[in-house]
Amino acid sequence: MKKITLPLVAGFIAYAVSSCFEPTLQEPGGSLSDHNARVASEEDRCATMKVWEEKVKENPGLLRKMQEIEEHTQRFAAQKGNSKPGGGGGGPVSTTATITIPVYVHVVSNVNKPEEDISDAQIQSQIAVLNADFQKLNSDASQTPAEFASRVANFNIQFVLARTIRKSSTKTQWGTNDAVKSTKRGGSDPINPETSLNIWVCNIGGGILGYAQFPGGSLATDGVVVGPQYFGSSAVSNNFYLEAPYDKGRTATHEIGHWLNLRHIWGDGGCGVDDFVADTPLAGGPNYRCPGYPTVGCGNNMMTMNYMDYTYDACMYMFTEGQKTRARAVFASGGPRSSFVTTP
Amino acid sequence: MGGLFFMKFYLLLFLLTACSNKPMSETIESVTLSQQTRGYQKVITITQQQTQVTINDKVYTRKTQPQQWKQLLENLQSIKLANLPAIKTSIERSAVDAAYSAQVTVKTDKQAYESNFFDHTTPPNELANVVKTIIASAKGIAPEESTRN
């Protein structure tokens, strides 16, 4: 989509908190707050800035951090190409050097559902999908329409399983309130979240396949959560506990995309809302099932095969170069996950 | 010259009159609440006659209770439909898939009005009662809860 300016970033964040203290409805878990990155009129922007200023006063830590991350991302994108591993002074990490991420997988299963205690092989099949998808080694990338082929990105990010933690629980579903990330609340505490990705595999419930946390949040809850029947790939074995059409490991790819600061392809709003990435076409909302090409919306062909859309696993198979820049900015010096990268 | 002046005067008078006219009244035909995430879509559409719940591709219907339709119209009275797309919303949780992405659509005999997307757990204040009424009206229609496509 379009390039953004910092005032608009502030607007994005201001909308993010504009209804933080409103009443809640019950359904699967969830807490408060948010954003709506509209391409606003000048008047809207003025109002937005006022809201932003007020909210910064109320919660300076978190909101300033979000603003800083966006500013950092913009600087990184501007400097891209002058690469030096580890960078310096907010500079870029190399676009070619592979970033290796240790992964801790916490399998939290229900005592009466042994199938939720997924096998080591199923976990490894998921790690393999991540390594393919984040290094453009997935064979289905070849299906990318010619219009988008030059934008398909190799993130140069590698995932290595550090350890699997297994725990059983009487809980049948965990919702999205992060209880699964806390030993005290019956789940399992994250391990080394400042240098590692933690993934919790548990039944979330409510039809939610997985959820994530953007960079900049609390380390105590940093990572992604995925349901056991959506974690791993049936391409490796039909004996895994998996449920089609979300059985190819793309739920974790999508959620880790969020963990790397990627927004949904439609920017979580209508055609005028930005996902902060220049080379993803406009979309007015999510696409579902398995759309054909071209699928037209917002006056262009939508990139329904992007991992950050809502299509079936088999129908998503690419990230873009713009998304790569945004994701790798997270690891650059001054970025929210710079501690994952050791400067040589 | 004088003729031109009067023409301009009448044109101005016409424009002022046109601008000051009250907007034509609209009749609300249906109200929809959609709630969706990857792998799950629930859409509730209420008309005066019927309440329809679609969960993924399964459709369930029931006759709309007159008092529920009345309640819905009352809830909507406090909202200027033209302002519906301008209501600020919260999407922090749905942006990372931790809540459904929800949206309210009101169709009248003239056009459709859509809200911004919002986290289903935190509808904006302006829409909170509308959302509550829609959910209450649809209660019990669908066997809770088919979640697969």
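If you read the sequences in order, they're chains A and B. Numbered by my numbering, the letters in the first sequence go through residues 3 to 346 in order. Numbered by my numbering, the letters in the second sequence go through residues -11 to 137 in order. Even for Gly, the Cβ is constructed at its ideal location relative to N, Cα and C.
Residue i versus the options, residue with shortest Cα-Cα distance
i, options, result
"A/GLY286", "A/GLU149, A/ASP277, A/PRO195", "A/ASP277"
"B/SER18", "B/VAL118, B/VAL31, B/THR35, B/SER82", "B/THR35"
"A/VAL279", "A/SER121, A/MET320, A/ASP311, A/THR327", "A/THR327"
"A/GLY189", "A/THR174, A/SER198, A/MET320", "A/THR174"
"A/GLY229", "B/ILE16, B/SER13, B/ARG26", "B/ARG26"
"A/ASN114", "A/VAL105, A/LEU65, A/ASN205, A/ALA99", "A/ASN205"
"B/LYS30", "B/ALA90, B/PHE106, B/ASN117", "B/ALA90"
"B/LYS46", "B/TRP57, B/ASN113, B/ILE32", "B/ILE32"
"B/ALA83", "A/THR322, A/GLY212, A/PRO293", "A/GLY212"
"A/PRO147", "A/ILE167, A/GLY337, A/ASN308, A/HIS260", "A/ASN308"
"A/TYR290", "A/PRO283, A/TYR312, A/ASN303", "A/TYR312"
"A/ILE167", "A/SER236, A/VAL107, A/SER239", "A/VAL107"
"B/ASN63", "B/ALA130, B/PRO131, B/VAL119", "B/VAL119"
"A/ARG187", "A/LEU199, A/ASN194, A/SER171", "A/SER171"
"A/GLY218", "A/LEU244, A/LEU262, A/GLY208, A/THR178", "A/LEU262"
"A/TRP202", "A/SER236, A/ILE125, A/ASN140", "A/ILE125"
"A/SER340", "A/CYS292, A/GLU196, A/ALA143", "A/GLU196"
"B/GLN65", "B/LYS127, B/SER125, B/SER13, B/GLY128", "B/SER13"
"A/VAL105", "A/SER198, A/GLY271, A/GLU117, A/GLN128", "A/SER198"
"B/TYR88", "A/THR178, A/GLN81, A/SER141", "A/THR178"
"B/ALA86", "A/GLY208, A/ALA143, A/PRO116, A/ASP142", "A/GLY208"
"A/PHE321", "A/TYR314, A/LYS138, A/ASP270", "A/LYS138"
"B/SER125", "B/PRO112, B/ARG50, B/GLN99, B/THR109", "B/ARG50"
Proximity test, Cβ basis, 8 Å: residue i and chain A
i, result
"B/THR25", "yes"
"B/ASN137", "Note that B/ASN137 has pLDDT 41, beneath the 50 cutoff, so the model's placement of it is unreliable and the number below is only indicative. True, the Cβ-Cβ gap to chain A drops below 8 Å."
Sub-8 Å separation of residue i and residue j beta-carbons
i, j, result
"A/ARG153", "A/ASP281", "yes"
"B/LEU69", "B/TYR101", "yes"
"B/LEU72", "B/VAL94", "yes"
"B/GLN138", "B/THR15", "This structure leaves residue 138 of chain B out entirely; chain B is present only between -11 and 137."
"B/ASP107", "B/ILE79", "yes"
"A/THR101", "A/PHE333", "Residue 101 of chain A is actually Ile in this sequence, not Thr. Yes, Cβ-Cβ distance for A/ILE101 and A/PHE333 is below 8 Å."
"A/ALA1", "A/GLU257", "Given a span of 3 to 346 for chain A in the structure shown, any question on residue 1 of chain A remains unanswerable."
"B/ALA130", "B/TYR28", "no"
"A/MET304", "A/PRO283", "yes"
"B/ILE75", "B/SER103", "yes"
"A/THR255", "A/ASP135", "yes"
"A/VAL110", "A/LYS169", "yes"
"A/LYS250", "A/ALA316", "yes"
"A/GLY336", "A/HIS74", "yes"
"A/SER127", "A/SER235", "yes"
"A/ILE2", "A/GLN145", "For chain A, the structure presents residues 3 to 346; residue 2 of chain A sits outside this window and is missing."
"A/ILE129", "A/PRO338", "no"
"A/THR98", "A/ASN158", "yes"
Interface flag, residue i vs chain B, CB-CB below 8 Å
i, result
"A/TYR312", "yes"
"A/PRO1", "As displayed, chain A neither begins before 3 nor continues past 346, which places residue 1 of chain A out of reach and without an answer."
"A/TYR319", "no"
"A/PRO230", "no"
"A/TYR290", "yes"
"A/SER43", "At A/SER43, the pLDDT of 35 sits below 50, so the modelled position is not reliable; the number obtained from the coordinates is stated separately. No, no contact with chain B."
Residue i: contacting residues in chain A (beta-carbon distance under 9 Å)
i, result
"B/TYR28", "GLY208, GLY209, ILE210, LEU211"
Per-residue contacts from residue i into chain B (C-beta, under 8 Å)
i, result
"A/PHE216", "ALA83, VAL84"
Amino acids of chain B, ordered along the chain, whose beta-carbon sits closer than 7 Å to that of residue i
i, result
"A/TYR248", "GLY27"
Taking only beta carbons into account, state which residues of the region 251 to 281 of chain A come closer than 8 Å to chain B, listed in chain order. THR253, HIS256, GLU257, HIS260, ARG265, HIS266, ASP270, GLY271, GLY272
If the cut-off is 8 Å on Cβ atoms, which residues from the region 83 to 99 of chain B count as contacting chain A, listed in chain order? ALA83, VAL84, ASP85, ALA86, ALA87, TYR88, SER89
Please list, in chain order, the residues of the region 61 to 81 of chain B that have any C-beta partner in chain A closer than 7 Å. LYS76, THR77, SER78, ILE79, GLU80, ARG81
What residues in the region 173 to 190 of chain A have a beta carbon less than 8 Å from any beta carbon of chain B? THR178
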